[in-house]
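My numbering puts the first residue of the sequence shown at 260, with every later residue one more than the last. Taking it in order: structure first as structure tokens, then the write-up.
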Amino acid sequence: MKLVSIFFISLIKIYQLIFSPFLGRSCRFDPSCSNYAIISIKKFGIFKSFFLIIKRIFKCHPWGDSGYDPVPDK
């Protein structure tokens, strides 16, 4: 795994450990958006994952979908 991917995964894990417990379980999707980001970065690297993560975040609004939304296979 590239250093830039490790860096961004580390930032997400810090968010999960420090900030997420105070916010509570508020993600509409499974896996949560932060776990989705980690899985995506591990699978595709940071550059392709950036667009998948942004697309996922834009789905998160009161009129959007919810439930199981896995990282795509390709």
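The C-beta atom is built at its ideal place from N, Cα and C for all residues, glycine as well. No experiment lies behind these values; they were computed from the predicted model shown.
Bridge partner(s) assigned by DSSP for residue i
i      : result
ASP328 : Paired residues: none, contrary to the question.
PHE288 : GLY326
C-beta atoms of residue i and residue j nearer than 8 Å
i      : j      : result
ILE305 : VAL330 : no
TYR295 : PHE288 : yes
SER293 : GLN275 : yes
ASP324 : LYS318 : yes
Assigned exposure category for residue i - 16 Cβ within 10 Å defines buried
i      : result
ILE300 : buried
SER285 : exposed
DSSP-derived helix/strand/coil call for residue i
i      : result
PRO280 : helix
LYS302 : helix
LYS272 : helix
LYS333 : coil
LYS318 : helix
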